[in-house]
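Participant: Top line first, the protein sequences correspond to chains Z and B.
Heads up: the first sequence is residues 0 to 182, going by numbering that gives the first Met the number 0.
Heads up: the second sequence is residues 0 to 120, going by numbering that gives the first Met the number 0.
Let me begin by handing over the structure; questions about it come next.
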Amino acid sequence: MKEIQGVIKGSNPVKINSDKDIEIKIEIPTKAYFMSGIRDFTLQMIKNMTDFSENWAYRFQSVVDELCNNAIEHGSDSDSFIKIKFIAVPDKHIKIQVEDFGKKENPITAQEILEKINKTQQTDIKDLGLRGRGLAFIVSKWTDKLEIKDTQNGGHIVEITKNLNDQTFKTLERSLEPNQIII
Amino acid sequence: MAEIKYTFSELLVTGKTNPIKLIALEGILDESNADDFAPKVYEVIEQMPEKTSVILDLEKLSYMNSKSIGYIADYFNKATAKGGKIVIAKPARNVKETLCVVGLDQMIPFTQTLEEAKLQA
Numbered sequence: 000m001k002e003i004q005g006v007i008k009g010s011n012p013v014k015i016n017s018d019k020d021i022e023i024k025i026e027i028p029t030k031a032y033f034m035s036g037i038r039d040f041t042l043q044m045i046k047n048m049t050d051f052s053e054n055w056a057y058r059f060q061s062v063v064d065e066l067c068n069n070a071i072e073h074g075s076d077s078d079s080f081i082k083i084k085f086i087a088v089p090d091k092h093i094k095i096q097v098e099d100f101g102k103k104e105n106p107i108t109a110q111e112i113l114e115k116i117n118k119t120q121q122t123d124i125k126d127l128g129l130r131g132r133g134l135a136f137i138v139s140k141w142t143d144k145l146e147i148k149d150t151q152n153g154g155h156i157v158e159i160t161k162n163l164n165d166q167t168f169k170t171l172e173r174s175l176e177p178n179q180i181i182i
Numbered sequence: 000m001a002e003i004k005y006t007f008s009e010l011l012v013t014g015k016t017n018p019i020k021l022i023a024l025e026g027i028l029d030e031s032n033a034d035d036f037a038p039k040v041y042e043v044i045e046q047m048p049e050k051t052s053v054i055l056d057l058e059k060l061s062y063m064n065s066k067s068i069g070y071i072a073d074y075f076n077k078a079t080a081k082g083g084k085i086v087i088a089k090p091a092r093n094v095k096e097t098l099c100v101v102g103l104d105q106m107i108p109f110t111q112t113l114e115e116a117k118l119q120a
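Here it is as C-alpha cells:
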C-alpha cells in the first residue's frame, strides 16, 4: 500500500483574554469547533486557579469538553448556545456548570440522562457503542459529584464538583505555567 | 483549532504473513473532526486482508475525546471480526489516562514503543 497522508482541519480560532476570577461565565454557540478554545481556557484556568498538577488540569480539560459536547449534541438545537460557568471556592471546591436550552424535537429529561449514564456504567466495555463514555466514565470518575437538573425552559444544567481537599493533589507537582488565560 | 494529521503506512515484519497497518496520528481528535477522520480508518480495516494487525501510533496525539475513543473501540471490533488485532503504541500520558478511564486498556494492549507494538501485533 502506498503511504497516504492527509490533514483534516476542524475549526476557526476564537480568542478571549481574561483575568483570574473566582467565577467565570462563557456562552458559546452550539458548534463543536468552539470547543478547542474552551479546552485551552480550562487547561490554563485550572493551572492558574488551583494547586492541581498538570495531570489534573488535563483531566479537567476532558471533563469540560465532554460536558459541553454532551450539551451541544444531546441538549441543544443547532442554532442555539450553551452557558459554561466556572466557580472556584478557595480551599473548598471547583464547580463547573454547563447549561443547555433543550431540543425542540426528541427532548430528553435529566432523569433520562442519569438513567443512560447508569446503564452505560453497567454495560460491558466491549458492548458499548460509539457514544456514552464521556459522562459515564470521564466525567463521573474524575469528579466528586455530578448533578443534572431540568430547567424551566426545557433545557438542563449539568454541574460537577471537584473538592480541593483531595489528598492526591498534594503529591503532584505545582504548575509553572504563565498566569494568563488565552483561548 | 482542532487539527488531526494522519499517516497510513505498512510495516513488514518477519514471520507475519500480512504487513502490519501503521496509523500514526498527530494533533487533536475531538468532536469537530472525529467523524471526518473515522471513515478513513474504516476504509483501511475494510480493505485489509484477514488476520491483519493495526498499530495506532498516538505519540503525537495531544488530545482525544470520548467519541474518538468510541471509534477506536469500534475499529477493534471490526479488526478482530476479521481475525486481526489492534495495538496502541506510545500514547501521551494524558491520552493514555483518558483511554484507561473509559476502560479501553481492558480491550486493547498499549505499548511504550513501536518495537513492542510490533511484537504484540
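Note that CB positions come from ideal geometry on N, CA and C, so glycine has one too.
Determine the contact status of Z:G74 and B:G69, defining contact as a CB-CB distance below 8 Å.
Facilitator: Contact flag unset, no.
Participant: In terms of DSSP beta bridges, what is Z:F80 paired with?
Facilitator: Partner(s): Z:P28.
Participant: Starting from the C-beta of B:T6, find all residues in its chain whose C-beta is less than 6 Å away, skip the five residues before and the five after it, and write them out in chain order.
Facilitator: Closer than 6 Å at Cβ, skipping near neighbours: A23.
Participant: With a threshold of 7 Å on Cβ separation, who are the neighbours of Z:S77 within its own chain once the five nearest residues in sequence on each side are excluded?
Facilitator: T29.
Participant: Quick check on the DSSP output: the alpha helix (DSSP H) that includes B:K66 runs from which residue to which?
Facilitator: Looking at the DSSP string, the run of the alpha helix (DSSP H) that includes B:K66 is S65 to A80.
Participant: Are the CB atoms of B:V53 and B:I85 nearer to each other than 8 Å?
Facilitator: Yes, they are a contact pair.
Participant: Find out if the Cβ-Cβ distance for the pair Z:L113, Z:I147 is shorter than 8 Å.
Facilitator: It is a contact, given that the beta carbons lie within the stated cut-off.
Participant: Name, please, each residue of chain Z whose Cβ falls closer than 9 Å to the Cβ of B:I87.
Facilitator: By Cβ distance, chain Z contributes nothing, its closest Cβ being about 15 Å from B:I87, past 9 Å.
Participant: Can you name the residues of chain Z whose CB is closer than 8 Å to the CB of B:N17?
Facilitator: Neighbours of B:N17 on chain Z: none; closest Cβ ~11 Å, over 8 Å.
Participant: Go ahead and label B:A80 buried or exposed: buried means 16 or more other beta carbons lie within 10 angstroms of its beta carbon, across all protein chains shown.
Facilitator: Label assigned to B:A80: exposed.
Participant: With 8 Å as the limit, tell me which residues of the stretch 22-38 of chain B have their beta carbon closer than that to any beta carbon of chain Z; keep them in chain order.
Facilitator: So the list reads I27, D29, E30, S31, N32, D35 and F36, given in the order they occur along the chain.
Participant: Under 6 Å Cβ to Cβ from B:T16, same chain only, skipping five residues before and after it: list those, please.
Facilitator: So the list is empty, once near-sequence residues are dropped.
Participant: Taking one C-beta from the stretch 124-144 of chain Z and one from the stretch 100-110 of chain Z each time, how about it: are there three or more such pairs within less than 8 Å?
Facilitator: Not touching, per the Cβ criterion.
Participant: My guess is that B:N64 and B:E30 are in contact by the Cβ rule of under 8 Å, so how many angstroms apart are they, rounded?
Facilitator: About 6 Å separates the two Cβ atoms, so the contact holds.
Participant: When you measure from the CB of Z:L127 to every non-hydrogen atom of the ligand NAP, does any distance come out below 7 Å?
Facilitator: Within the structure as shown, the ligand NAP is missing, as the structure has no ligands at all.
Participant: Rounding to the nearest angstrom, what Cα-Cα distance links Z:D64 and B:Y41 in this structure?
Facilitator: Taking the straight line joining both Cα atoms gives about 25 Å.
Participant: Could you tell me which residues DSSP puts in a beta bridge with Z:Q43?
Facilitator: Partner(s): none; Z:Q43 has no beta bridge.
Participant: In chain B, what lies closer than 9 Å to Z:N68 by C-beta?
Facilitator: In chain order: D29, E30, N64, S65 and K66.
Participant: Taking B:S18 as the reference, give the member of B:A1, B:E49 and B:E25 with the closest Cα.
Facilitator: For clarity, residue 18 of chain B is Pro in the given sequence; the question names Ser instead. Out of B:A1, B:E49 and B:E25, B:E49 has the C-alpha closest to the C-alpha of B:P18.
Participant: Please look up how many angstroms separate the CB atoms of B:Q27 and B:Y74, rounded, as I've assumed it's under 8 Å.
Facilitator: Contrary to the premise, residue 27 of chain B reads as Ile rather than Gln in this sequence. B:I27 to B:Y74, Cβ: 18 Å. No contact.
Participant: Measuring CA to CA, which of Z:I86, Z:D99 and Z:T49 is closest to Z:I27?
Facilitator: Selected option, being the one with the closest Cα: Z:D99.
Participant: Would you identify the three-state DSSP class for Z:D123, choosing helix, strand or coil?
Facilitator: Looking at Z:D123 - three-state DSSP - the assignment turns out to be coil, as it is neither helix nor strand.
Participant: Using the rule of at least 16 other Cβ atoms within 10 Å of the residue's Cβ for burial, across every protein chain shown, is Z:Q60 buried or exposed?
Facilitator: Buried, since its Cβ has 16 or more Cβ neighbours within 10 Å.
Participant: Can you tell me where the alpha helix (DSSP H) holding B:V12 begins and where it ends?
Facilitator: Here B:V12 belongs to no alpha helix (DSSP H), and DSSP marks it neither H nor E.
Participant: For the beta strand (DSSP E) that Z:L145 lies in, which residues bound it at each end?
Facilitator: Taken as a continuous stretch (DSSP letters only), the beta strand (DSSP E) holding Z:L145 covers K144 to D149.
Participant: Can you find a CB in chain B that lies within less than 8 Å of the CB of Z:I25?
Facilitator: Closer than 8 Å: no.
Participant: 8 Å is my cut-off, CB to CB: does B:V71 come that close to chain Z?
Facilitator: For clarity, residue 71 of chain B is Ile in the given sequence; the question names Val instead. No - not a single Cβ of chain Z is within 8 Å of the one on B:I71.
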